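Residue numbers (the numbering used here), protein chains in the order written: chain A, 1096 to 1605; chain L, 922 to 1066.
Data block below; observations after.
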Amino acid sequence: MRLDLARSLRLKLISIILLTTLAALVVALVAIGAYDLRAYQRNLADDVSTQAELLGRMSASAISFDDPKVAKANLDLLRLRPQVQAAAIYTAKGALFATYDRPGSRLAFPKLPEADGMRVDGRQLMLYRRIVNDREILGTVYLRTDYELVERIRDYVGIAIAVTLVAMLVALALSAQLHRVVTNPILAIADVAHAVVQQHDYSRRAKKMSGDEVGVLVDAFNRMLAEIERRTAELEVSNVELGRQVAERFHAEQEIVQLNAVLEDRVRERTAQLESANHELEAFSFSVSHDLRAPLRHINGYARMLSEDAGDRLDDSMRRYLDSIGASARQMGVLIDDLLAFSRLGRKQLELLTVDMTLVAEHALGEICGDRASSAKVHIAGPLPPANADPVLMKQVWVNLLSNALKYSAKRGDTARVEVSGERDGAINRYRVHDNGVGFDMRYVDKLFGVFQRLHPHEEFEGTGVGLAIVQRIVARHGGKVRAEGEPDRGATFTFELPAAMAQRKENTT
Amino acid sequence: MNYQQVEILLVEDSSADAEMTLRTLKKRGIANSVEWVRDGVEAIDFLFCEGPHKDRGNLQPKLVLLDLKMPRMDGLEVLARMKNDARTKAIPVVMMTSSREEGDLLASYQLGVNSYVVKPVDFDAFAETVAQVGMYWLIANVAPA
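The following block contains the structure:
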C-alpha cells in the first residue's frame, strides 16, 4: 500500500513538474519563434527594399543615359548577396534594361514590371520598385530573393524539440530527487495512519518535519488521533459499563426465569398437594362415614335385640330409652348417608345432555310423593326450558328442592302450594321453586346452603341439612348459581340458574 | 368341630355383625348350621379344607356371606380365589358390607359376586335384609346338585 501510494505520489509530482516545465517551454519557444520570424520577415523586407532603392539610385543615370552596361555592373554587385536569386531593371516603358541572376540558376524574368510592392510566392520574395528621379519615373527595379521562412521554422522546431527534451530531462532528474521533500512527510503520515488502522494503536503520532501545509496536516492528523484516542478510551469505558449492565440484566433475567420455574414448580407441587389433600379428604370422609356406620349398626342392633329379648321385663321408660338409642343411631345413620351422598357428588363425572326439565321435575315429584295427595299441591307452570346438564344430578336437585318445599309448607295442610316455573333469559336458564310454607329469616340466608346447617329444629322438621348443600354443589358444578329468598311465615323461593350452553370445560372429579 | 352339612359360611371380622346375622338367621329359621370365620384366611382354610379344617370333608356350604373389609385377607381376595377354583366356583357368594364405594362394587361384580348388599344401619332393616338374602339363596334359588 505504501509502495502504491509512494509511486502514485511521485508519479503525480513528477508529472506535474514535467507538464509545467513543458508548458512554460512551449509558451516561451512559441513566443521567441514568433518574434524571430517576424523580425526575419521585417529585416528581409527592409533589406530587399534598401537594395532595390540603392540599385534604382545607382542605375538612374545609366537609364537616363541608356547605358545598360553600367546598370549590369550595378546589378552584378548583388553577387555579394547570395540569397538574391535574380534582379532586373526595366525601363520606364517596361522593357528589360539589365538583368542579373545568381550563378548556377537560370530563371525567366517577367516580361513587364508590376506595380510597386512586395510579393511572396512560395519560397521566393519578389519586389518591384519604381526608379524615380525628380518625380519622373525612369524605370523599375525587380528583385527576387530566397524567402527561407519554412527553413527557419523547421530549424526552430528542431531546436525547440531539442531544448524541450534537454529541459525535460533536467526537470525529470531534478524532480526525481526533489519530490521526496513533498512525499516523505506525507508518506510518514500514511505510515502512521496505516499502523493505527492495523494495530488500533491510537497513541501513535506522526512526526512533524516542516512548518508548511504538510506540517499543518501532521498537526491536524495528530489532533485527530488524540481525539480518536480519547473517544476510543471513553467508548471502551462505556463499553465495559454496558457489558457489565448487559451481564447484570442477563443475570437478573436468568434469576427471574429460574424463579418463575421454581414458582411454577411450586404451583404444580401445591396443586398436586391440594388435589391429593382433597382426594385424601374425600377418601377420609368416605371411610370415616363408612366406618361410623358399623358401630351405629351395632348400637341400633343391640338396642333392638335387648328390646326384643327383654321387652316384657322392661317398664315404659326403659323401653323409651332403648327406642331413643335406636332412633338416635338411625338418625346418625341418615346423617352419614347424606354425608356420603354429598361426598360422592364431588367425585361423580358430569354427563352433559339436553335434559327435559319439566319431565325431570315431574319424575322427582313422583319419587317424593309416590301416589300421595301431596303431589296435588305442586303446580308446574310448564314447559320449563330444557337444560344442558347431567340428568341424574338434575333430578337430585329437583328432588331436594321439591321435598324441601313440601316439607316446609306441610303445616298449611290443604292450602299448601308449591309453584314451579322457569324461563330462558339470554344465555342462562332460570328455574324457580316457590312455596307458601314457614319461610325463613333472610338474616340466615348464608347458612341455608351449608352442610348440616339447619334453620329449624329437628323436632319440627326432619332432615339433616345436606339437601340444599347438595343442590348448591350440583348447580355450581354446572357453572350455575342458586339463591334463596324468604320471609318468616310467608314462604320461600329457591331460584337456580344454569348456563344455556355449558362450555365443554374440563371437569375435575374432585 | 361339627362336620355336618354347613349351610352358610359367614365370613365376618366384626363379632357384633356376626352375632346380629347369626341371630337373625336362627330366629327366622333360615339356617340351622352356620359356620362363622373371622377373616379371609380362615375362610380359605375352611373352603379348601386346609389347616384346622383339613378333616372337614368335602361338603361345601350352600352360601357364603362375605364381609369386604377384613384383616389379613379381605373379601375381594377370598372372592377371587373362590371364583378361580372349580371346587368353589359354583358356591353363591353374597358380599355383605358397609361400603357403598363404587370401586369395591365394580371389583366385586367383575370377580363374579352373586350379590352385593349394603348392611343397613337400622337393625330391623338389617335383619330384614339378612333374612331376604338367606331366604332367597337357600330356599328360593335352585342350585346345581
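Beta carbons: idealized from backbone N, C-alpha and C, even for Gly.
In this text, all values refer to a predicted model and were calculated from it rather than measured experimentally.
Would you mind listing the beta strand (DSSP E) stretches within the region 1446-1500 of chain A that are 3+ residues and don't spill past its ends, in chain order? 1448-1450, 1473-1475, 1482-1484
Might you give, ordered along the chain, the residues of its own chain that have their beta carbon closer than 7 Å to the beta carbon of V1450 (chain A), omitting 5 neighbours on each side? Sequence index remark: in the first sequence, residue 1450 (chain A) carries index 355 (1-based). Answer for V1450 (chain A): P1481, A1482, A1484, P1486, M1489, listed in chain order.
Could one say the Cβ of R944 (chain L) lies closer than 8 Å to chain A's Cβ atoms, at least one of them? Position 23 of the second sequence, counted from the first residue, corresponds to residue 944 (chain L). At least one chain A Cβ lies under 8 Å of R944 (chain L).
Alpha-carbon to alpha-carbon, L1550 (chain A) and L1501 (chain A): Counting from one through the first sequence, the residue named residue 1501 (chain A) turns up at place 406. Counting from one through the first sequence, the residue named residue 1550 (chain A) turns up at place 455. Each residue's Cα considered, the two are about 16 Å apart.
What residues match up with K1576 (chain A) in a beta bridge as DSSP calls it? Within the first sequence, residue 1576 (chain A) is the residue found at index 481, counting from 1. Paired residues: A:E1592.
By a C-beta neighbour count over all protein chains shown, 10 Å radius and 16 as the cutoff for buried, is G978 (chain L) buried or exposed? Walking along the second sequence from the start, residue 978 (chain L) turns up at place 57. By the neighbour-count rule (16 or more Cβ atoms within 10 Å), G978 (chain L) is not buried but exposed.
Roughly how many angstroms separate the alpha carbons of L1440 (chain A) and G1562 (chain A), rounded to a whole number? To locate residue 1440 (chain A), count along the first sequence from 1; it is residue 345. To locate residue 1562 (chain A), count along the first sequence from 1; it is residue 467. Whole-angstrom Cα-Cα distance: 12 Å.
Which first and last residues belong to the alpha helix (DSSP H) in which G950 (chain L) is found? Translated into positions along the second sequence, residue 950 (chain L) becomes position 29. No alpha helix (DSSP H) holds G950 (chain L); DSSP gives it neither H nor E.
9 Å Cβ cut-off: residues of chain D touching A1424 (chain A): Of the protein chains in the structure, A and L, none is chain D.
I'd like the list of long-range same chain contacts for S1498 (chain A), defined as Cβ closer than 8 Å, with 5 residues on each side in sequence excluded. As a first step, residue 1498 (chain A) is located in the first sequence; it is residue number 403 there, counting from the start. Around S1498 (chain A): I1463, G1562.
With a threshold of 6 Å on Cβ separation, who are the neighbours of V1179 (chain A) within its own chain once the five nearest residues in sequence on each side are excluded? As a first step, residue 1179 (chain A) must be located in the first sequence, where it is residue number 84. Result list for V1179 (chain A): L1173, T1240, in chain order.
Output the residue ranges of the alpha helix (DSSP H) runs that lie fully inside the region 1133-1186 of chain A and measure 4 residues or longer, sorted by chain position. Taking only runs of at least 4 residues, the alpha helix (DSSP H) segments lying wholly in the region 1133-1186 of chain A are 1163-1171.
To be precise: take each residue of the region 1335-1351 of chain A, compare its Cβ to all Cβ atoms of chain L, and keep it if any distance is under 9 Å. Which residues remain? none
Cα separation between V1341 (chain A) and A1347 (chain A)? Here residue 1341 (chain A) refers to the residue found at position 246 when the first sequence is read from its first residue. Here residue 1347 (chain A) refers to the residue found at position 252 when the first sequence is read from its first residue. Roughly 10 Å between the two C-alpha positions.
Considering only C-alpha positions, which residue in the set L:P1065, L:A939, L:S1020 is nearest to Y1037 (chain L)? As a first step, residue 1037 (chain L) must be located in the second sequence, where it is residue number 116. Taking only the C-alpha atoms, the option nearest Y1037 (chain L) is L:S1020.
Count the other CB atoms, across all protein chains shown, that sit within 10 Å of the CB of I929 (chain L); report buried if there are 16 or more and exposed otherwise. Residue numbering aside, residue 929 (chain L) sits at position 8 when the second sequence is read from its first letter. So I929 (chain L) ends up on the buried side.
Per DSSP, what kind of secondary structure is L931 (chain L) in: helix, strand or coil? Your numbering for residue 931 (chain L) matches position 10 in the second sequence. In this structure, L931 (chain L) counts as strand in the three-state DSSP scheme.
Quick check on this structure: which residue in A:H1458, A:R1361, A:D1520 has the alpha carbon closest to the alpha carbon of L1593 (chain A)? Here residue 1593 (chain A) refers to the residue found at position 498 of the first sequence. Looking at the Cα atoms, A:D1520 is the closest of the given residues.
Does DSSP put L984 (chain L) in a helix, a strand or coil? Along the second sequence, read from residue 1 onward, the residue named residue 984 (chain L) stands at position 63. Three-state DSSP puts L984 (chain L) in a strand.
Tell me, please, whether the region 1218-1234 of chain A touches the region 1107-1119 of chain A by the rule of three or more beta-carbon pairs shorter than 8 Å. Touching, no.
With a 10 Å radius around its C-beta and 16 neighbouring C-beta atoms as the bar for buried, classify K1506 (chain A) as buried or exposed. Here residue 1506 (chain A) refers to the residue found at position 411 of the first sequence. Per the 10 Å Cβ criterion, exposed.
Closer than 7 Å: F1556 (chain A) CB and nearest the ligand SAM heavy atom: This structure simply doesn't include the ligand SAM, nor any ligand for that matter.
From the beta carbon of M922 (chain L), is the nearest beta carbon of chain A less than 8 Å away? Residue mapping note: residue 922 (chain L) aligns to position 1 of the second sequence, counting from 1. Note that M922 (chain L) has pLDDT 46, beneath the 50 cutoff, so the model's placement of it is unreliable and the number below is only indicative. So no, M922 (chain L) is outside the interface.
Give the interface partners of A1456 (chain A) over in chain L, defined as CB-CB distance under 7 Å, in chain order. Position 361 of the first sequence, counted from the first residue, corresponds to residue 1456 (chain A). Annotation: A1456 (chain A) has no Cβ neighbours in chain L at a cutoff of 7 Å; minimum Cβ distance is about 27 Å.
Residues that M941 (chain L) contacts on chain A, provided the C-beta gap is smaller than 7 Å: Here residue 941 (chain L) is taken as the residue at index 20 of the second sequence, counted from 1. Within chain A, the residues near M941 (chain L) are G1396.
Output the distance between the C-alpha atoms of Q1491 (chain A) and H1529 (chain A), rounded to the nearest integer angstrom. Against the first sequence, residue 1491 (chain A) aligns to sequence position 396. Against the first sequence, residue 1529 (chain A) aligns to sequence position 434. One C-alpha to the other measures close to 17 Å.
Give me the Cα-Cα distance between R1249 (chain A) and E1243 (chain A), rounded to the nearest whole angstrom. The sequence position of residue 1249 (chain A) within the first sequence is 154, counting from 1. The sequence position of residue 1243 (chain A) within the first sequence is 148, counting from 1. Rounded to the nearest angstrom, the two C-alpha atoms are 10 Å apart.
Could you work out which residues of chain L lie near L1435 (chain A), taking near to mean beta carbons separated by less than 7 Å? Within the first sequence, residue 1435 (chain A) is the residue found at index 340, counting from 1. The answer, in chain order, is R1021.
With a threshold of 8 Å between beta-carbons, can A1389 (chain A) be considered close to chain L, or not? Your numbering for residue 1389 (chain A) matches position 294 in the first sequence. Chain L, which has a Cβ nearer than 8 Å to the Cβ of A1389 (chain A), makes this yes.
Determine, for G1428 (chain A), whether the minimum Cβ-Cβ distance to residues of chain L falls below 8 Å. Position 333 of the first sequence, counted from the start, is the residue given in the question as residue 1428 (chain A). Closer than 8 Å to some Cβ of chain L, the Cβ of G1428 (chain A) qualifies, so yes.
Test: H1374 (chain A) CB closer than 8 Å to a CB of chain L: For the purposes of this step, residue 1374 (chain A) is identified with residue 279 of the first sequence, where counting begins at 1. With respect to chain L, the C-beta atom of H1374 (chain A) has no partner C-beta closer than 8 Å.
Using the three-state DSSP reduction, which class does S1200 (chain A) fall into: helix, strand or coil? For the purposes of this step, residue 1200 (chain A) is taken as residue 105 along the first sequence, with counting starting at 1. Reduced to three states, the DSSP call for S1200 (chain A) is coil.
Residues of the region 1567-1588 of chain A with Cβ closer than 8 Å to any Cβ of chain L, in chain order: none
Rounded to whole angstroms, what's the CA-CA distance from E1336 (chain A) to L1354 (chain A)? Just pull it up for me. Counting from 1 along the first sequence, the entry for residue 1336 (chain A) is found at position 241. Counting from 1 along the first sequence, the entry for residue 1354 (chain A) is found at position 259. Taking the straight line from one Cα to the other gives about 26 Å.
At 9 Å on the CB atoms, spell out the chain L contacts of M1400 (chain A), in chain order. By 1-based counting over the first sequence, the position of residue 1400 (chain A) is 305. Near M1400 (chain A) (Cβ distances below 9 Å), the residues of chain L are E940, M941, R944, F1044.
Answer with buried or exposed for A1596 (chain A), where buried requires no fewer than 16 other C-beta atoms within 10 angstroms of its C-beta. Here the question's residue 1596 (chain A) lines up with position 501 in the first sequence. In this structure A1596 (chain A) is exposed. Its beta-carbon is surrounded by fewer than 16 other beta-carbon atoms within 10 angstroms.
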